[in-house]
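Single-structure report; data block below.
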Amino acid sequence: MNSWLYNYVLSIPNYNKYISNFYLALRFICQSPKNQLQKCTFENYSIDKTTFNNKKILNEFAEIYEDIKNKIFHEDNLDVQTYCKHIKENFRFYNIAKENCNSNNCNYFTELQPFKNKINKLGDLDTILNKCKYKKTSCEQGSNGEDDVPCLKEKGNSFLFLIFGNDPEDIINVLLNITLISAPILVLFLILLKFTPFGKPLRKLKQERRKTGHKKKDENIQDYMNNYAAYVDNEIKNRVNLAYHAI
Numbered sequence: 005m006n007s008w009l010y011n012y013v014l015s016i017p018n019y020n021k022y023i024s025n026f027y028l029a030l031r032f033i034c035q036s037p038k039n040q041l042q043k044c045t046f047e048n049y050s051i052d053k054t055t056f057n058n059k060k061i062l063n064e065f066a067e068i069y070e071d072i073k074n075k076i077f078h079e080d081n082l083d084v085q086t087y088c089k090h091i092k093e094n095f096r097f098y099n100i101a102k103e104n105c106n107s108n109n110c111n112y113f114t115e116l117q118p119f120k121n122k123i124n125k126l127g128d129l130d131t132i133l134n135k136c137k138y139k140k141t142s143c144e145q146g147s148n149g150e151d152d153v154p155c156l157k158e159k160g161n162s163f164l165f166l167i168f169g170n171d172p173e174d175i176i177n178v179l180l181n182i183t184l185i186s187a188p189i190l191v192l193f194l195i196l197l198k199f200t201p202f203g204k205p206l207r208k209l210k211q212e213r214r215k216t217g218h219k220k221k222d223e224n225i226q227d228y229m230n231n232y233a234a235y236v237d238n239e240i241k242n243r244v245n246l247a248y249h250a251i
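Residue numbering for the sequence shown follows the numbering used here, starting at 5 and increasing by one per position.
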């Protein structure tokens, strides 16, 4: 309830001007004998949006981790990789957060240990990794201890991963740069194919493939990444909001 309420307050324009009065008004309302919130306590976190979002992400993932795990293990779930990527990205976020927040002076330090405990308590991380086709890897930031939350990467030796790493965004950027550099060469190549005898065998092969109905799937990587981010955000936030309202 407190986290949900503070998140709402942060959405108010110029919230810094009104936040103290807002919580003061809530305190007076709670003291009224006729209100139904006497048993509720409201905490003004008094932190900025970035720090609060770090706390929120760590708390929410710890709460829904088991539900995500069940989605991954469900036999009829055709969208396993969406949940797998959500786990991988939250593990990476934890390690970045821990690197930047290593003492009680940090406002989200107390969220790090429960996050770690939740992952270790379930004790089925290896099963999840097998289902997601991930493996543990060293973290660029954060701890690499055996009992800590690991960073993850895809299994296998994909040619693109060997060259560019396992970050899809890096792969996309490199491929786009290559495309821009090679555009003049591509234009010259198309001219040769279209207007010279050099392209005759390839044109013939193309016609034969059309006759046999040969088709190749065209995957739009950029659309996929955008749709994935939107899907995960809606799926997870809907569950968290239901939990808040249930309280």
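All C-beta atoms, glycine included, are put in the ideal place defined by N, C-alpha and C.
Note that the coordinates shown come from a computational prediction; the quantities given were computed from them, not determined experimentally.
Hey, would you say residue i sits closer than 8 Å to residue j, going by beta carbons?
i      : j      : result
Lys159 : Lys140 : no
Tyr87  : Phe56  : no
Ala66  : Phe119 : yes
Asn63  : Ala101 : no
Cys252 : Asn106 : Outside the displayed range of the chain (5 to 251) lies residue 252, so it cannot be described from this structure.
Ile68  : Ile132 : no
Phe77  : Pro154 : no
Phe46  : Leu30  : yes
Lys60  : Ser7   : yes
Asn48  : Ile16  : no
Glu70  : Leu126 : yes
Asp151 : Asn109 : no
Leu116 : Lys53  : no
How is residue i classed by DSSP in three states: helix, strand or coil?
i      : result
Glu158 : strand
Ile23  : helix
Glu93  : helix
Ile33  : helix
Asn11  : helix
Phe168 : Reliability of the predicted coordinates at Phe168 is poor, the pLDDT of 48 falling under 50, and no value is obtained from them.
Leu28  : helix
Thr86  : helix
Tyr98  : helix
Glu103 : helix
Asn108 : coil
Asn81  : coil
Asn48  : coil
Lys220 : Confidence is the limiting factor: at Lys220 the pLDDT is only 44, short of 50, which leaves the residue's position unreliable and the question unanswerable from this model.
Roughly how far, in whole angstroms, is the beta-carbon of residue i from the beta-carbon of residue j, given that I think they are within contact range, below 8 Å?
i     : j      : result
Ile51 : Asn111 : 5 Å
Asn81 : Lys89  : With a Cβ gap of about 14 Å, Asn81 and Lys89 do not count as contacting.
Cys34 : Met5   : With 8 Å as the limit, Cys34 and Met5 do not qualify as a contact, their Cβ atoms being about 13 Å apart.
What first and last residue would you give for the alpha helix (DSSP H) that runs through residue i?
i     : result
Asp71 : 53-77
Asn18 : That residue, Asn18, is in no alpha helix (DSSP H); it is neither H nor E in DSSP.
Checklist entry - Enumerated in chain order, which unbroken segments of the beta strand (DSSP E) with a length of 3 residues or greater are wholly contained in the stretch 110-152? => result 138-141
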